[in-house]
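The block underneath contains the structure these notes are about, expressed in structure tokens.
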Amino acid sequence: TRDSALVTDTTFSEITLGLAMRPRNRDLVNWLAKVSWLRDVASTGQEDENLAEKAMIFSIEGVKEINRYWSLAAKLATRQGSVKMFRDDNDYIKSRVDFQALRVNYHVNRKWDCYAEWRRLQGKDVGNTQRGWLVGVNRMIGSYKIGVGYNFTDFSDDMTNLDFDEEGWFFRAGVKF
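See below:
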């Protein structure tokens, strides 16, 4: 016999493929494109044990250097997915969410950057649109970039995470190669 309390029939898969274009000799326009495939089936022991989702996410981002001090960035992303309310059901409910962002960066000097970003998230199938701002500042320390900012919306640009709990302060870190 099989004890169902010991079964952990959960599945989480995320596969991402990205492509970047950053010209070596003339760094005026940079592009980043990404496609992600996501499949998540909660285990029977989790709160939302009945939920299962799968999604395909496409995004493209570009940054244009205007001059030494200013740059503009734009990001477009779409998440086409489906969820089902019961694990053993084969009926998925389709959904589509689109994201757009426009960001202005100001390079104070070689060590400090600040930015403001207007963002929009639209649920196509539910007719819901949210808009708002995000602001932040970054500091270069050697090859490391650290920053802090505030998100005035409750969503992020991470289309794999649509929890709507992103409002507030955030911390950023990165490395320059």
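Numbered continuously in the numbering used here, the sequence shown closes out at residue 177. Heads up, the beta-carbon is just placed ideally off N, CA and C, and yes, glycines get one too.
Return the chain-ordered list of same chain residues with a C-beta closer than 6 Å to the C-beta of T78, the five sequence neighbours on each side being excluded.
If we look at T78 and ignore the five residues flanking it on each side, its Cβ neighbours are F58 and D98.
Among K111, D158 and S36, which residue has its Cα nearest to the Cα of Y69?
Ranking K111, D158 and S36 by Cα distance to Y69 puts K111 first.
Buried or exposed: which applies to R2, given that a residue is buried once 16 or more other Cβ atoms fall within 10 Å of its Cβ?
Any reading at R2 is ruled out, since the residue's pLDDT is 48, under 50, leaving its predicted position unreliable.
Using DSSP bridges, identify the partner residues of M140.
Looking at the DSSP assignment, M140 forms a beta bridge with K145.
Are the segment 128 to 138 and the segment 146 to 157 in contact at 8 Å, needing three or more beta carbon pairs?
Using a C-beta cut-off of 8 Å, the segment 128 to 138 makes contact with the segment 146 to 157, since at least three inter-stretch Cβ pairs fall below that distance.
The beta strand (DSSP E) that contains F177, what's its start and end?
Boundaries cannot be given for F177, as no beta strand (DSSP E) includes it and DSSP labels it neither H nor E.
For N92, name the three-state secondary structure that DSSP assigns.
The residue you asked about is not Asn; residue 92 is Tyr in the sequence shown. It is coil, neither helix nor strand.
Let's see if you can read the secondary structure: which residues bound the beta strand (DSSP E) around F12?
Residues T11 to M21.
S82 and E53 closer than 8 Å at C-beta:
Yes, Cβ-Cβ distance for S82 and E53 is below 8 Å.
Measure the C-alpha to C-alpha separation of R39 and G168 and round it to an integer number of angstroms.
Answer to the nearest angstrom: the Cα atoms are 28 Å apart.
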